[in-house]
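Below you'll find the structure, written out as structure tokens, and then a few comments.
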Amino acid sequence: MSKGSIAEPPERGTVQETRPAIQRGNAAPSGPLGTLFNWGTATYNFLDGRLGIGMIYRATAAHPIPRSVNWWYVFGSATLFAFTFQVVTGIFLAFAYVPSPDHAYQSLSWITHKELFGNVIRGIHYWGASAMVLLIFIHMTAHYLTGSYKYPRELQWLSGAILLFCTLVMAFTGQLLRWNQDAYWAVVVGAEQAARTPFIGSWVAQLLTAGPVVGGNTLTRFYAIHMLLVPGLMFGLIGMHLYLVIYKGISEWPVPGEPVDPATYWENYQRILHEDGEPFFPAGTAKDAFMGFLAGAVVVGLAITVGAAALGAQANPIAPANPRPDWYLIWYFALLALIPPASENFFIILFPLFGFLILLLMPLANKGERHYSRRPWAIAVVIFAASATGLLVWYGYQSPWSPVFINDVTIPSVPAQAMRGLNATQLAGAHLLHTEGCMACHMIDGVGGQRGPNLSAIGSVLTRNELTWRIMAGGNNMPSYGNTMTNKQLNEILAYLQSRTAGSAVIPQSGSHQ
Amino acid sequence: MSMTMQELTRKLLTREAFLGLFTLSFGAVAGLVVGIPIIGYVLGPLIEQPPEIWEKVTFAGGPNRGRPVMADSIPIGQTEEVAFQARGPLPWAGTTATQGAWLRRTGPSSFIAYAIYCTHLGCPVHFLPQPKIFLCPCHGSVFNAEGINIGGPAPRPLFTYNIRVQNGHVQIRTHPLPVIT
Chain A
1 MSKGSIAEPP ERGTVQETRP AIQRGNAAPS GPLGTLFNWG TATYNFLDGR
51 LGIGMIYRAT AAHPIPRSVN WWYVFGSATL FAFTFQVVTG IFLAFAYVPS
101 PDHAYQSLSW ITHKELFGNV IRGIHYWGAS AMVLLIFIHM TAHYLTGSYK
151 YPRELQWLSG AILLFCTLVM AFTGQLLRWN QDAYWAVVVG AEQAARTPFI
201 GSWVAQLLTA GPVVGGNTLT RFYAIHMLLV PGLMFGLIGM HLYLVIYKGI
251 SEWPVPGEPV DPATYWENYQ RILHEDGEPF FPAGTAKDAF MGFLAGAVVV
301 GLAITVGAAA LGAQANPIAP ANPRPDWYLI WYFALLALIP PASENFFIIL
351 FPLFGFLILL LMPLANKGER HYSRRPWAIA VVIFAASATG LLVWYGYQSP
401 WSPVFINDVT IPSVPAQAMR GLNATQLAGA HLLHTEGCMA CHMIDGVGGQ
451 RGPNLSAIGS VLTRNELTWR IMAGGNNMPS YGNTMTNKQL NEILAYLQSR
501 TAGSAVIPQS GSHQ
Chain B
1 MSMTMQELTR KLLTREAFLG LFTLSFGAVA GLVVGIPIIG YVLGPLIEQP
51 PEIWEKVTFA GGPNRGRPVM ADSIPIGQTE EVAFQARGPL PWAGTTATQG
101 AWLRRTGPSS FIAYAIYCTH LGCPVHFLPQ PKIFLCPCHG SVFNAEGINI
151 GGPAPRPLFT YNIRVQNGHV QIRTHPLPVI T
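As you go down the protein sequences, you meet chains A and B in turn.
Here the first sequence is numbered in this note's numbering, starting from 1 and rising by one per residue.
Here the second sequence is numbered in this note's numbering, starting from 1 and rising by one per residue.
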């Protein structure tokens with residue numbers, strides 16, 4: 001085989017060359033069945049002569065793949081399945097969705113609660129988005145670990161990296177289209193982060209909000225980006241990605257000790273295809289179909305049983321909100337809460353920039369070992385990235401750094417079991433823990449926030465003087481109450497806190513305070 | 001061995017070269033003609049800024065919700081959430097046609113209006129009337145009644161809007177989304 005023969009210009013197809021099934025037509029049955037068969041052949045020949053479908057068949061379904069292609073190769077096509085799901089359900093959601101800030105939320109609410117199968121279609125779109133984000137990361141990880149991005153598939157990786165970026169843009173803009181409080185404030189938070197870009201920050205922020213503040217232009221822009229701009233770009237990139245699968249072939253499963261050498265790789269790959277290759281259809285497609293079916297079944301199953309994400313409250317710039325991103329971005333939300341505030345200005349811009357830049361520049365190292373067993377650092381990177389992301393997603397949902405508000409507005413109250421057997425002063429103190437906002441950050445017997453120390457048994461840990469000092473002076477993240485609290489109030493709170501001892505705590509707590 | 005000027009000219013001025021150049025330059029001109037207005041259209045929000053104007057302020061919540069805030073309708077020292085119309089809202093802006101702020105009366109006719117956006121990442125801060133603090137629900141930044149950051153990751157005090165009292169009405173000067181650059 002010559003160089004590039006995998007996509008050699010095919011001759012005009014004839015039935016006998018391309019479709020073995022029809023070739024057997026030499027032994028076509030006689031009688032009406034035979035007539036039908038001949039009609040079929042004639043129809044095929046008519047179409048092939050005008051559309052070249054035999055050529056397409058030979059270039060795609062019949063193109064040879066290495067026999068070593070295994071179950072690790074199914075995630076690319078599964079991602080494509082998920083993308084197809086998104087395109088189809090997205091089109092039908094657009095039948096009813098009104099991309100205008102005064103009706104977007106209501107139309108989505110109608111789709112979810114009133115429209116026939118609306119909740120299922122929205123559910124598929126929602127879970128399909130999660131599936132696509134998950135699958136594209138698994139796809140990338142698998143091909144990173146097997147070094148498939150090395151020669152001659154560097155641009156395959158590059159197009160995939162841009163597709164990954166597009167997928168995250170789709171995920172972000174998609175959650176905005178709900179136009180609920182999370183969406184509204186995600187735009188604000190996104191603009192505030194973009195504003196940290198050096199020199200052009202405030203311009204970028206105003207472009208994101210498409211005006212001086214989030215308003216009438218904002219949603220339509222994100223809608224157009226989500227519906228037209230990025231999907232169009234993705235269609236093109238997916239086309240390139242699939243073309244390269246055929247032009248440069250599916251990588252063979254790597255063998256430890258057989259590094260990639262651009263001088264010999266292609267010849268060697270052609271030999272593998274020749275000696276140990278098989279057509280993509282049906283050996284490769286069977287695995288892909290199974291995985292695609294599995295992904296589809298899970299997505300549709302979740303859409304029917306769990307349904308789409310709750311809509312929450314409508315976007316409102318003046319109502320209280322407690323915004324949270326969806327899971328595929330909550331790890332970043334968690335990360336920003338955990339890093340030292342002083343480093344934020346650099347971090348907010350540089351972290352995503354460097355992350356993406358590393359992905360783009362990775363194919364520069366296009367030689368050497370492909371197998372993960374000879375690339376321990378690759379394994380370390382994957383384990384670190386996966387566990388860090390998993391941990392951050394979990395931590396993002398816990399968000400112990402966030403003050404707790406009931407229904408986004410009310411400070412929690414001290415639970416009834418922590419108010420038993422108190423005298424009048426202590427009771428007044430327990431009430432003050434609610435009105436002074438303490439319970440937003442501090443927990444008593446399982447109720448309240450986790451930002452500050454748990455107070456369930458604080459009386460056994462700190463003396464009256466130490467408590468007084470902390471309340472009046474503040475410190476760490478605790479505001480000082482010295483200017484706003486009366487002596488009477490302080491004494492009541494102290495009386496209550498001193499009654500919280502190891503013996504009184506329903507759920508005994510080790511003093512986790514500073 | 002080197003080409004003479006005449007040979008070079010003859011080589012460059014072939015029919016093919018001319019037609020190729022024509023195709024490319026025609027495409028480039030067409031791209032520019034369509035591209036420049038599109039870029040201008042996309043960057044429109046930066047170029048066409050609605051004017052900053054004084055807007056009347058209304059109560060954003062509580063029993064007086066929607067009523068205009070008069071100079072004496074908030075007791076001195078108290079802070080209330082207020083709403084005002086965003087700059088030049090589009091007819092379909094819906095709820096986003098309004099903006100929120102925390103209005104604190106500091107004297108007989110003096111007010112401070114704090115932006116609702118936390119200076120950390122822009123989440124809407126809550127005001128707790130009893131301890132007189134602003135608390136951010138996202139990462140727990142705390143600001144005192146004067147808007148000074150006293151806890152959490154917020155790097156600076158709350159942003160403020162300009163306020164004036166006109167014929168008894170409290171008015172606010174509209175302002176773009178305050179950001180830290």
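For glycine and all other residues, C-beta sits at the position ideal for the given N, C-alpha and C.
In this text, all values refer to a predicted model and were calculated from it rather than measured experimentally.
Apply the 10 Å Cβ neighbour rule to residue i and answer buried if 16 or more other Cβ atoms are within range, or exposed otherwise.
i              : result
E252 (chain A) : buried
G503 (chain A) : exposed
Y397 (chain A) : exposed
S512 (chain A) : Note that S512 (chain A) scores a pLDDT of 43, beneath 50, so its modelled location is shaky and nothing firm can be said.
P256 (chain A) : exposed
P20 (chain A)  : The predicted model places P20 (chain A) with a pLDDT of 47, which falls under 50 and marks its position as unreliable; any figure quoted below should be read in that light. Classification of P20 (chain A): exposed, given that the 10 Å Cβ count is below 16.
R271 (chain A) : exposed
G4 (chain A)   : Because the pLDDT of G4 (chain A) is 41, which lies under 50, any placement of that residue in the model is unreliable, and the question is left without a value.
S399 (chain A) : buried
S510 (chain A) : Residue placement at S510 (chain A) is poorly supported in this model, since its pLDDT is 45, which falls under 50; the coordinates are not used for a value here.
V204 (chain A) : buried
F75 (chain A)  : buried
Q166 (chain B) : exposed
D261 (chain A) : exposed
V42 (chain B)  : exposed
G421 (chain A) : exposed
V133 (chain A) : buried
S141 (chain B) : buried
Which chain B residues are close to residue i, counting only those with a beta carbon under 7 Å from its beta carbon?
i              : result
Y481 (chain A) : P131
A210 (chain A) : P45
W253 (chain A) : In chain order: nothing, as chain B lies at least about 44 Å away.
S100 (chain A) : W92
R67 (chain A)  : Those within 7 Å of R67 (chain A) in chain B number zero; the least Cβ separation is about 46 Å.
T484 (chain A) : P131, K132
Using a Cβ-based criterion (distance less than 7 Å to any ligand heavy atom), does residue i qualify as near the ligand FAD?
i              : result
Q314 (chain A) : This structure lacks the ligand FAD, and indeed carries no ligand of any kind.
List the residues of chain A that residue i touches, going by C-beta distances under 8 Å, in chain order.
i              : result
Y117 (chain B) : V188, E192
P153 (chain B) : A337, P341, E344
I198 (chain B) : Any answer about residue 198 (chain B) is impossible in this case: the structure gives chain B only from 1 up to 181.
Would you list the residues sitting across from residue i in a DSSP beta bridge?
i              : result
K56 (chain B)  : B:Q171
L111 (chain B) : The sequence shown places Phe at residue 111 (chain B), not Leu. Paired residues: B:R105.
R164 (chain B) : B:Q171
P279 (chain A) : A:P64
I406 (chain A) : A:T410
G368 (chain A) : A:V260
Hey, could you find the ends of the alpha helix (DSSP H) residue i is sitting in?
i              : result
R597 (chain A) : Summary: the structure shown does not reach residue 597 (chain A), with chain A confined to residues 1 through 514, and so no result is reported for it.
G100 (chain B) : First-last for G100 (chain B): 98-107, but that is the beta strand (DSSP E), not the alpha helix (DSSP H).
Q398 (chain A) : 376-398
E492 (chain A) : 487-499
E436 (chain A) : Segment: none, E436 (chain A) is in no alpha helix (DSSP H) and carries neither H nor E.
V82 (chain B)  : That residue, V82 (chain B), is in no alpha helix (DSSP H); its beta strand (DSSP E) goes 79-85.
I38 (chain B)  : 15-42
What does residue i touch in chain B if you count any residue whose Cβ is under 9 Å from its own?
i              : result
A315 (chain A) : G94, T95, T96
N217 (chain A) : G44, P45, L90, A93
F405 (chain A) : H126, L135, P137
P323 (chain A) : C123, P124, P137, C138
Go to residue i, then tell me how far its beta strand (DSSP E) extends in each direction, as first and last residue.
i              : result
F143 (chain B) : 142-144
F127 (chain B) : 126-128
F134 (chain B) : 133-135
Give me the chain A residues within the contact set of residue i, using Cβ-Cβ distance strictly less than 7 Å, ordered along the chain.
i             : result
E81 (chain B) : I318
At 9 Å on the CB atoms, spell out the chain A contacts of residue i, in chain order.
i              : result
P176 (chain B) : S202, A205, Q206, T209, G211, P212, V213
T106 (chain B) : Per Cβ cutoff of 9 Å: no residues; T106 (chain B) is ~15 Å from chain A at best.
G147 (chain B) : Simply none; closest approach about 13 Å.
R87 (chain B)  : G211, P212, V213, G215
Just to make sure I have the definition right: I need the residues of chain B whose C-beta is within less than 8 Å of the C-beta of residue i. Which are they?
i              : result
G437 (chain A) : L128, Q130, P131, I133, L135
A94 (chain A)  : Those within 8 Å of A94 (chain A) in chain B number zero; the least Cβ separation is about 17 Å.
Check your understanding: Is it a yes or a no for the region 239-254 of chain A touching the region 59-72 of chain B, going by three-plus beta-carbon pairs under 8 Å?
Key -> no
Check your understanding: Would you call the region 119-133 of chain A and the region 292-301 of chain A touching, i.e. three or more CB-CB distances under 8 Å?
Key -> yes
Exercise for review: Mind the definition here: the region 228-239 of chain A touches the region 184-201 of chain A only if three or more C-beta pairs lie below 8 Å; say whether that holds.
Suggested key: Verdict: no, contact absent.
Review point. Is the region 56-67 of chain A touching the region 273-283 of chain A, taking contact as three or more C-beta pairs under 8 Å?
Key: yes
Review point. For the region 119-133 of chain B against the region 141-153 of chain B, are there 3 or more C-beta pairs whose distance is under 8 Å?
Key: Touching, per the Cβ criterion.
Exercise for review: Take every Cβ of the region 213-232 of chain A, pair it with every Cβ of the region 84-92 of chain B, and state whether three or more of those distances are shorter than 8 Å.
Suggested key: yes
Review point. If we count Cβ pairs, one from each stretch, closer than 8 Å, do we get three or more for the region 398-412 of chain A versus the region 318-330 of chain A?
Key: The answer is yes - the region 318-330 of chain A touches the region 398-412 of chain A, with three or more Cβ pairs under 8 Å.
Check your understanding: Does the region 350-361 of chain A come close enough to the region 93-103 of chain B to have 3 or more Cβ pairs within less than 8 Å?
Key -> no
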